[in-house]
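Heads up: the sequence lines are chains P and A, in that order.
Per the working numbering, residue 4 is the first one in the first sequence, and the count goes up by one each step.
Per the working numbering, residue 4 is the first one in the second sequence, and the count goes up by one each step.
There are 2 protein chains.
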Amino acid sequence: MKKIDLPGPMIGIDLGGTKIFTVVTDTRGKVLAAAKTESRPEKGVDAVIKRMAVAAQAALKEAGIKKKKIAAVGLGVPSPVDQKTGVAMLSPNLGWKKVPVVRMLTDQLGLPVFADNDVNLGTLGEFTMGAGRGARDLVGVFVGTGIGGGIVVNRRLLRGLNSTGGEVGHMIVVPDGPLCGCSNRGCLEAVASRTAITRDLLAGIGHGVPTCLRELLRDSDNKLRSGVLSKAYRRGDLLTVEVMNRAARYLGIATASLINVLGTERVVIGGGVFEALGDLLLPVVRQAVHEHAFDTAADGVGIVPARLGDRAVALGAVVHAAQCLE
Amino acid sequence: MKKIDLPGPMIGIDLGGTKIFTVVTDTRGKVLAAAKTESRPEKGVDAVIKRMAVAAQAALKEAGIKKKKIAAVGLGVPSPVDQKTGVAMLSPNLGWKKVPVVRMLTDQLGLPVFADNDVNLGTLGEFTMGAGRGARDLVGVFVGTGIGGGIVVNRRLLRGLNSTGGEVGHMIVVPDGPLCGCSNRGCLEAVASRTAITRDLLAGIGHGVPTCLRELLRDSDNKLRSGVLSKAYRRGDLLTVEVMNRAARYLGIATASLINVLGTERVVIGGGVFEALGDLLLPVVRQAVHEHAFDTAADGVGIVPARLGDRAVALGAVVHAAQCLE
Numbered sequence: 004m005k006k007i008d009l010p011g012p013m014i015g016i017d018l019g020g021t022k023i024f025t026v027v028t029d030t031r032g033k034v035l036a037a038a039k040t041e042s043r044p045e046k047g048v049d050a051v052i053k054r055m056a057v058a059a060q061a062a063l064k065e066a067g068i069k070k071k072k073i074a075a076v077g078l079g080v081p082s083p084v085d086q087k088t089g090v091a092m093l094s095p096n097l098g099w100k101k102v103p104v105v106r107m108l109t110d111q112l113g114l115p116v117f118a119d120n121d122v123n124l125g126t127l128g129e130f131t132m133g134a135g136r137g138a139r140d141l142v143g144v145f146v147g148t149g150i151g152g153g154i155v156v157n158r159r160l161l162r163g164l165n166s167t168g169g170e171v172g173h174m175i176v177v178p179d180g181p182l183c184g185c186s187n188r189g190c191l192e193a194v195a196s197r198t199a200i201t202r203d204l205l206a207g208i209g210h211g212v213p214t215c216l217r218e219l220l221r222d223s224d225n226k227l228r229s230g231v232l233s234k235a236y237r238r239g240d241l242l243t244v245e246v247m248n249r250a251a252r253y254l255g256i257a258t259a260s261l262i263n264v265l266g267t268e269r270v271v272i273g274g275g276v277f278e279a280l281g282d283l284l285l286p287v288v289r290q291a292v293h294e295h296a297f298d299t300a301a302d303g304v305g306i307v308p309a310r311l312g313d314r315a316v317a318l319g320a321v322v323h324a325a326q327c328l329e
Numbered sequence: 004m005k006k007i008d009l010p011g012p013m014i015g016i017d018l019g020g021t022k023i024f025t026v027v028t029d030t031r032g033k034v035l036a037a038a039k040t041e042s043r044p045e046k047g048v049d050a051v052i053k054r055m056a057v058a059a060q061a062a063l064k065e066a067g068i069k070k071k072k073i074a075a076v077g078l079g080v081p082s083p084v085d086q087k088t089g090v091a092m093l094s095p096n097l098g099w100k101k102v103p104v105v106r107m108l109t110d111q112l113g114l115p116v117f118a119d120n121d122v123n124l125g126t127l128g129e130f131t132m133g134a135g136r137g138a139r140d141l142v143g144v145f146v147g148t149g150i151g152g153g154i155v156v157n158r159r160l161l162r163g164l165n166s167t168g169g170e171v172g173h174m175i176v177v178p179d180g181p182l183c184g185c186s187n188r189g190c191l192e193a194v195a196s197r198t199a200i201t202r203d204l205l206a207g208i209g210h211g212v213p214t215c216l217r218e219l220l221r222d223s224d225n226k227l228r229s230g231v232l233s234k235a236y237r238r239g240d241l242l243t244v245e246v247m248n249r250a251a252r253y254l255g256i257a258t259a260s261l262i263n264v265l266g267t268e269r270v271v272i273g274g275g276v277f278e279a280l281g282d283l284l285l286p287v288v289r290q291a292v293h294e295h296a297f298d299t300a301a302d303g304v305g306i307v308p309a310r311l312g313d314r315a316v317a318l319g320a321v322v323h324a325a326q327c328l329e
């Protein structure tokens, strides 16, 4: 991880639908303490805010840093965040709608808080401290249950009119294709996320296609986690390889479109699926980009794996907070 | 056309594969003189540069402005232009490869020259003086023989790593779809440009589909110009309506992807096809956007017709030159 300059020690929080991940960093972005706790959104908004405050206090204690030394708190939430009001607009994962999360956490912590969409901040984290370092423009794509993304143009996150900028997962790559969670059809997420891969694998199993997945599923509570996919793929299981390569190819096609349209310098690909299988899937993505992007546009573009793992959002939140203090 | 503030009277040149269009403006961007001449690229680079210089001198004379009063010359060329060196990288239309067009025209005119890709400048023209005025972020799409585009982010043209930014026509909308002029398959240009529309209409005619196009073609040298398409569409010709609505729908799907990814505030659609039929095709585009974009992302996004017609590039060139002087 590359070091950066911050206006003081910082707190970074990654609020997800199931976990809260908190880091405390020194003024160079070095992680002094990190903690994970459950988010429990079913207990209501106030309870989640309190759990974040408690987690932050505990991380401070572990880091041996006094609260008054902290310059600011950065927060990533699974929702578009209105940058003027600090309101989280809509989060299906948390069951939130128009929650003034910045004001609420500021009240709890007594520290300045700056929030943004989690995937935007993951992209910013990779851009500043991870695999995007040195680039001016970058696209981040994170493949897990869904597909999230973020776009950096001229060293700044692109947020757009309604704070929805960066929704790479909802580019339409197969018109009239499979139904997406967003109720549209043929989005990248509907053909290349783990959810889409699972749908296609289960269909294959249902149709009696020979595959070692049946056996692997029995050993893992019948859940197609990234680890299971990785095992089957590495064994050369034909069904798994075919389905996952097709997903990676669609990801490459969408990436090629983005490279042609944005003239992007670097593409960072992360998330559970690529953490487990990036060494085998990235070449498939690169090949599809090579086939579908302009030679001129793709010349010198790096398509690289994410480096910060599950710390990307919390570290990006720290960077975001520092930028807001500038 | 909206007025702007310029550092002095300016010259704007739109160099195309067949025509050179030149304007002289006053300090508010008002066109004092406009002239069209042939570009004749087959005569070689030097001859084209000279024809531009002669056209500029003639326009100055018509405008009654002395050359020494001119603050700068803006130039749009059908090629990516390296902004550091002023070299036009590659233009199939002109048969140019790495032509130092800025230096050459500066030598001829004895005035500062600033060049960029023509469609980028058309977008900048619409953004500053036409249908994009008042927006912060904008996508311009121009549908003619091909499909060109430009993207404005934070009031600046997005050029990207290899000066290819804005190539909206080469988003992949139908994986493994029809062959595109760029040698890729399924690009927007391959399914929604006039070239694609013509291909599909001729296929329909070849298959004996009933259509009034046969008769209209006889009256117009067998060429499917935008005017012919417009006549057939307005008569309700089923083949023409089906083919053109499908093209407009693909344009809407690509636009929806861009809105989701960029959070764009306004989309300006122009070019020959939409100048002839925008009143009937824009609603089809809007409907496809409505069906395919996130509600949150599309909320408040305007999809509007271009306003500057064939002056967009020359006027955008003037704006570009003024920005370069800043």
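Cβ atoms here follow ideal geometry from the backbone N, Cα and C, with glycine treated the same way.
Fair warning: this is a prediction, and the values are worked out from it, not measured in the lab.
Does residue i come out as helix, strand or coil in the three-state DSSP assignment?
i	result
residue 206/P	helix
residue 109/A	helix
residue 73/P	coil
residue 308/P	strand
residue 38/P	strand
residue 26/P	strand
residue 273/P	strand
residue 197/A	helix
residue 117/A	strand
residue 175/P	strand
residue 147/P	coil
residue 220/A	helix
residue 19/P	coil
residue 68/A	coil
residue 227/A	coil
residue 9/A	coil
residue 318/A	helix
residue 282/P	helix
residue 43/A	coil
Going by C-alpha distance, which of the options is nearest residue i?
i	options	result
residue 271/P	171/P, 228/P, 250/P	171/P
residue 297/A	173/P, 274/P, 323/P	173/P
residue 89/P	96/P, 68/P, 97/P, 115/P	115/P
residue 266/A	45/P, 100/P, 123/P	123/P
residue 162/A	280/A, 329/A, 323/A	323/A
residue 25/A	65/A, 46/A, 97/A	65/A
residue 311/P	130/P, 291/P, 186/P	130/P
residue 226/P	143/P, 60/P, 53/P, 204/P	204/P
residue 315/P	128/P, 81/P, 61/P	128/P
residue 156/P	268/P, 305/P, 275/P, 277/P	268/P
residue 58/P	208/P, 102/P, 111/P, 10/P	111/P
residue 292/A	280/A, 230/A, 254/A, 10/A	254/A
For residue i, does the count of other Cβ atoms within 10 angstroms reach 16, so buried, or fall short, so exposed?
i	result
residue 331/P	Shown here, chain P extends from 4 to 329; a query on residue 331/P therefore has no answer.
residue 252/A	buried
residue 217/A	exposed
residue 295/P	buried
residue 158/A	exposed
residue 214/A	buried
residue 166/A	buried
residue 320/P	buried
residue 21/P	exposed
residue 192/A	buried
Return the bridge partner residues of residue i from the DSSP annotation.
i	result
residue 155/P	141/P, 160/P
residue 166/A	For residue 166/A, which the question treats as bridged, DSSP gives no partner whatsoever.
residue 182/P	188/P
residue 91/P	84/P, 102/P
residue 14/A	27/A, 76/A
Using a C-beta cutoff of 8 Å, does residue i count as contacting chain D?
i	result
residue 307/A	Looking for chain D here will not work: the only protein chains present are P and A.
Just to confirm, does residue i get its C-beta within under 7 Å of one of the non-hydrogen atoms of the ligand ZN?
i	result
residue 168/P	No copy of the ligand ZN appears in this structure; indeed no ligand is present at all.
Using a beta-carbon distance cut-off of less than 7 Å, what residues from the stretch 289 to 300 of chain A approach chain P?
Within the stretch 289 to 300 of chain A, the qualifying residues are 295, 297, 299, 300.
Taking beta-carbon pairs under 9 Å, can you tell me which members of the stretch 143 to 175 of chain A lie near chain P?
Only 152, 154, 156, 157, 159, 161, 162, 163, 164, 165, 166, 167, 168, 169, 170, 171, 172, 173, 174, 175 from the stretch 143 to 175 of chain A bring a Cβ to less than 9 Å from some Cβ of chain P.
Chain A contacts made by the stretch 74 to 92 of chain P, where a contact means CB separation under 9 Å:
Those residues of the stretch 74 to 92 of chain P that come within reach of chain A (Cβ to Cβ, closer than 9 Å) are 83, 92.
Along the stretch 127 to 144 of chain A, where does the CB come closer than 7 Å to a CB of chain P? Name the residues.
If the cut-off is 7 Å between Cβ atoms, the stretch 127 to 144 of chain A has 140 near chain P.
What are the residues in the stretch 192 to 218 of chain P lying within 8 Å of chain A by C-beta distance?
In summary, no residue of the stretch 192 to 218 of chain P has a CB separated from any CB of chain A by less than 8 Å.
Which residues of the stretch 35 to 50 of chain P have a Cβ closer than 7 Å to any Cβ of chain A? Give them in chain order.
Residues of the stretch 35 to 50 of chain P whose Cβ lies closer than 7 Å to any Cβ of chain A: none.
Using a Cβ-Cβ cut-off of less than 9 Å, give me the residues of the stretch 245 to 278 of chain A that come near chain P, in sequence order.
Flagged, chain order: 252, 253, 256, 257, 259, 260, 261, 262, 263, 264, 265, 266, 267, 268, 269.
Of all the residues that make up the stretch 176 to 188 of chain P, which are near chain A by a beta-carbon distance shorter than 7 Å?
Of all residues in the stretch 176 to 188 of chain P, only 176, 177, 178, 185, 187 come within less than 7 Å of chain A when Cβ atoms are compared, listed by chain position.
Using a Cβ-Cβ cutoff of 7 Å, what residues of the stretch 304 to 328 of chain P are near chain A? List them in chain order.
Near chain A, meaning a CB-to-CB distance below 7 Å, the residues of the stretch 304 to 328 of chain P are 304.
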